[in-house]
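Student: Heads up: the sequence lines are chains A and B, in that order. Here the first sequence is numbered in the working numbering, starting from 4 and rising by one per residue. Here the second sequence is numbered in the working numbering, starting from 20 and rising by one per residue. All residues carry an ideal CB built from backbone N, CA and C; glycine is no exception. Remember, it's a predicted structure, so these values are computed and weren't measured experimentally. Please see the structure below; I have some questions.
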Amino acid sequence: STIVLIFEAPKDFIFYLKPGQKIRFGEALGSL
Amino acid sequence: LHTAPVRGVLRLRPLHFLVAAGAGYAGYRQYEKYKEQQVEKLGQESPPKIASDWEVSLYKSVPTRLLSRAWGRLNSVELPNWLRKPVLSLYIWTFGVNMKEAAVEDLHHYRNLSEFFRRKLKPQARPICGIHSMISPSDGKILSFGQVKNCEVEQVKGITYSLESFLGPHANTENADVKPASCPDSFQKQLVTQENNELYHCVIYLAPGDYHCFHSPTDWTVSHRRHFPGSLMSVNPGVARWIKELFCHNERVVLSGCWKHGFFSLTAVGAQNVGSIRIYFDQDLRTNSPRYSKGSYNDFSFVTNNNKEGIPMRKGEHLGEFNLG
């Protein structure tokens with residue numbers, strides 16, 4: 004299964020992610 | 020072979036064929052690996068191998084929905100108490116499930132694999148980040164993330180799918196927060212409601228051993244649901260690298276609405292064996308049902324006369340779950 008998020012955000016939105024990394028529910032995905 | 024009796028040759032033929040085919044395939048794999056290593060040595064990335072149209076058609080012709088439903092039925096059968104522990108232990112061992120996080124650790128509590136699959140977690144197992152505005156809605160592996168460019172979204176690095184095929188055309192919602200864009204030709208521009216904003220995406224893959232419920236990633240309001248009945252091909256990263264537009268072929272539920280910065284959507288994409296998607300506040304939703312045909316979609320608006328805003332969701336709130344079958 005897969006979850007896909009598509010959203011609008013200001014240009015300075017930053018993801019705190021690396022491709023291929025494991026993530027758990029509740030951990031930070033991104034912020035401004 | 021020339022001197023062997025004809026009967027002997029005929030008898031050995033299947034074995035010869037298997038050995039030759041196996042050796043040929045192993046040789047081919049080694050050659051492909053060697054080529055990839057050579058490309059990597061040169062400091063280049065090997066181009067992704069995308070399935071041809073006939074390969075995709077062949078895969079899509081497999082009755083994955085029927086098989087998934089059969090698998091779901093099988094796993095909904097109540098197991099006798101003595102069989103629960105060995106069956107579930109095999110699943111735990113195969114997919115590396117961490118049972119210490121489960122709300123109920125006693126395997127006898129789960130009547131079947133379906134019930135185990137939608138197990139809940141202990142409240143303290145997943146602390147919710149309070150600092151950042153967006154959190155991961157589920158456990159999983161990040162396949163891709165970044166800005167949406169030219170109406171194309173990355174499913175894995177280097178392989179894209181059409182944003183419009185994935186979300187479908189704009190819903191005719193009078194009360195929706197999506198304003199008409201200045202450039203009506205661009206689907207992407209129509210989604211962005213505020214100047215100086217961009218469209219972003221993030222893809223999270225849930226492996227079989229992962230916790231399969233999902234939560235709200237931020238504070239937002241769900242105004243619309245669109246259900247796309249579709250195929251149920253595997254979505255593991257290997258297949259996502261192989262089949263272009265995989266997420267547009269598969270059964271999925273798109274929840275859309277708005278958050279403080281404008282448009283927001285969360286899509287749950289079904290997969291082989293995991294064809295059923297449940298949204299807790301949407302009792303009418305029926306996924307992986309034989310009454311729906313592939314290629315269509317079913318809309319439902321949460322914006323009504325009584326509820327002009329839609330369904331408000333808080334960051335971390337329970338949103339839905341994937342189910343076997």
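(1) Please compile the residues from chain A whose C-beta is within a distance smaller than 8 angstroms of the C-beta of E217 (chain B).
(2) Give the straight-line distance between the Cα atoms of F136 (chain B) and N215 (chain B), rounded to the nearest whole angstrom.
(3) Which of helix, strand or coil does DSSP assign to L338 (chain B)?
(4) Just mark F28 (chain A) as buried or exposed, buried being the case when its beta carbon has 16 or more other beta carbons within 10 Å.
(5) Just checking my contact of I178 (chain B) with R260 (chain B) at CB under 8 angstroms: how many whole Å lie between their CB atoms?
(6) Compute the Euclidean distance between the alpha carbons of I147 (chain B) and F185 (chain B), then round it to the nearest angstrom.
(7) Take K279 (chain B) as the anchor and find which of B:M153, B:N317 and B:C170 has the nearest alpha-carbon.
(8) If you check the beta carbons only, do G294 (chain B) and G344 (chain B) fall under 9 angstroms apart?
(9) Considering only C-alpha positions, which residue in the set B:L225, B:L86 and B:G335 is nearest to S308 (chain B)?
(10) Against T212 (chain B), what residues of chain A qualify as contacts under a CB-to-CB distance less than 7 angstroms, listed in chain order?
(11) Cutting at 8 angstroms between CB atoms, please list the residues of its own chain near L162 (chain B), excluding the five before and the five after it.
(12) Counting only C-beta atoms, is T306 (chain B) closer than 9 angstroms to chain A at any point?
(13) For the alpha helix (DSSP H) containing Q24 (chain A), list its first residue and its last residue.
(14) Around the Cβ of H127 (chain B), are there at least 16 other Cβ atoms within 10 angstroms (buried) or fewer (exposed)?
(15) Which residues, in chain order, does the stretch 278 to 306 of chain B contribute to contact with chain A at a C-beta distance below 9 angstroms?
(16) Determine contact between the stretch 310 to 323 of chain B and the stretch 97 to 113 of chain B, defined as no fewer than three beta-carbon pairs at a distance below 8 angstroms.
(17) So that I know if they touch, is there some Cβ in chain A lying closer than 9 angstroms to that of G159 (chain B)?
(18) Output the distance between the C-alpha atoms of G46 (chain B) and Q57 (chain B), rounded to the nearest integer angstrom.
(19) Between which residues of its own chain and F300 (chain B) is the CB-CB distance below 6 angstroms, once the five residues before and five after are set aside?
(20) What's the call for H231 (chain B), buried or exposed, on a 16-neighbour Cβ count within 10 Å?
(21) Using the rule of at least 16 other Cβ atoms within 10 Å of the residue's Cβ for burial, across every protein chain shown, is L218 (chain B) buried or exposed?
(22) Since V322 (chain B) and I298 (chain B) are thought to touch, with beta carbons under 8 angstroms apart, how far apart are those beta carbons, to the nearest angstrom?
(23) How would you call Q209 (chain B), buried or exposed, if buried means at least 16 neighbouring beta carbons within 10 angstroms?
(24) Return the residue from the list B:K52, B:E97, B:G335 and B:V96 that minimises the CA-CA distance to R145 (chain B).
(25) Whole angstroms is fine: what's the gap from Y19 (chain A)'s alpha carbon to Q166 (chain B)'s?
(26) Applying a beta-carbon distance threshold of less than 7 angstroms, which residues of chain A neighbour P236 (chain B)?
(27) With a cut-off of 9 angstroms, does the C-beta of R145 (chain B) fall near any C-beta of chain A?
Tutor: Working from what's here:
(1) One-based indexing of the second sequence puts residue 217 (chain B) at position 198. Contact of E217 (chain B) with chain A by beta-carbon distance below 8 angstroms involves E11, A12, P13, K14 and F16.
(2) Translated into the one-based positions of the second sequence, residue 136 (chain B) becomes position 117. Translated into the one-based positions of the second sequence, residue 215 (chain B) becomes position 196. Rounded to the nearest whole angstrom, the CA to CA distance from F136 (chain B) to N215 (chain B) is 42 angstroms.
(3) As a first step, residue 338 (chain B) must be located in the second sequence, where it is residue number 319. L338 (chain B): strand per DSSP, three-state reduction.
(4) Position 25 of the first sequence, counting from 1, holds the residue named residue 28 (chain A). It is buried - the Cβ of F28 (chain A) has at least 16 other Cβ atoms within 10 Å.
(5) Taking the second sequence and counting its residues from 1, the one referred to as residue 178 (chain B) is at position 159. Taking the second sequence and counting its residues from 1, the one referred to as residue 260 (chain B) is at position 241. The Cβ separation is near 6 angstroms, so the contact holds.
(6) Position 128 of the second sequence, counted from the first residue, corresponds to residue 147 (chain B). Position 166 of the second sequence, counted from the first residue, corresponds to residue 185 (chain B). If you take the alpha carbons of I147 (chain B) and F185 (chain B), they lie about 29 angstroms apart.
(7) Within the second sequence, the letter at position 260 stands for residue 279 (chain B). Closest option to K279 (chain B), Cα to Cα, is B:M153.
(8) For the purposes of this step, residue 294 (chain B) is taken as the residue at position 275 of the second sequence. For the purposes of this step, residue 344 (chain B) is taken as the residue at position 325 of the second sequence. Taking 9 angstroms as the Cβ cut-off, G294 (chain B) and G344 (chain B) qualify as a contacting pair.
(9) Here residue 308 (chain B) corresponds to residue number 289 of the second sequence, with the count starting at 1. Closest option to S308 (chain B), Cα to Cα, is B:L86.
(10) Numbered from its first residue, the second sequence carries residue 212 (chain B) at position 193. The answer, in chain order, is E11.
(11) For the purposes of this step, residue 162 (chain B) is taken as the residue at position 143 of the second sequence. Only Q174, V175, V222, I223, Y224, P256 and A259 meet the Cβ criterion.
(12) One-based indexing of the second sequence puts residue 306 (chain B) at position 287. Nearest CB-CB separation between T306 (chain B) and chain A: not below the 9 angstroms threshold.
(13) Counting from one through the first sequence, the residue named residue 24 (chain A) turns up at place 21. The continuous stretches of alpha helix (DSSP H) do not include Q24 (chain A), and DSSP gives it neither H nor E.
(14) Translated into positions along the second sequence, residue 127 (chain B) becomes position 108. By the Cβ neighbour-count rule, H127 (chain B) is exposed, with fewer than 16 other Cβ atoms within 10 Å of its own.
(15) The stretch 278 to 306 of chain B vs chain A, Cβ under 9 angstroms: W278, H280, G281, F282, F283, S284, L285, T286, A287, V288, G289, A290, V293 and I296.
(16) When Cβ pairs closer than 8 angstroms are counted between the two stretches, the stretch 310 to 323 of chain B is seen not to touch the stretch 97 to 113 of chain B, the count staying below three.
(17) Stepping through the second sequence from its first residue, residue 159 (chain B) is reached at position 140. Yes, because at least one Cβ of chain A sits closer than 9 angstroms to the Cβ of G159 (chain B).
(18) Numbered from its first residue, the second sequence carries residue 46 (chain B) at position 27. Numbered from its first residue, the second sequence carries residue 57 (chain B) at position 38. Cα to Cα, the separation comes out at about 16 angstroms.
(19) Sequence index remark: in the second sequence, residue 300 (chain B) carries index 281 (1-based). Beyond the five residues adjoining it in sequence on each side, F300 (chain B) comes within less than 6 angstroms, by CB distance, of I330 in the same chain, given in chain order.
(20) Start at 1 with the first residue of the second sequence, and residue 231 (chain B) comes out as number 212. So H231 (chain B) ends up on the buried side.
(21) As a first step, residue 218 (chain B) must be located in the second sequence, where it is residue number 199. So L218 (chain B) ends up on the buried side.
(22) Taking the first residue of the second sequence as 1, we reach residue 322 (chain B) at position 303. Taking the first residue of the second sequence as 1, we reach residue 298 (chain B) at position 279. Contact between V322 (chain B) and I298 (chain B) does not hold, since the beta-carbon distance rounds to 16 angstroms and is not under 8 angstroms.
(23) Counting from 1 along the second sequence, the entry for residue 209 (chain B) is found at position 190. That one is buried.
(24) As a working note, residue 145 (chain B) is residue 126 in the second sequence. For R145 (chain B), the closest alpha carbon among the candidates B:K52, B:E97, B:G335 and B:V96 is that of B:G335.
(25) Translated into positions along the first sequence, residue 19 (chain A) becomes position 16. Translated into positions along the second sequence, residue 166 (chain B) becomes position 147. Between the alpha carbons of Y19 (chain A) and Q166 (chain B) lies a distance of about 14 angstroms.
(26) As a first step, residue 236 (chain B) must be located in the second sequence, where it is residue number 217. Within 7 angstroms Cβ-Cβ: L8 and L32.
(27) Taking the first residue of the second sequence as 1, we reach residue 145 (chain B) at position 126. Closer than 9 angstroms to some Cβ of chain A, the Cβ of R145 (chain B) qualifies, so yes.
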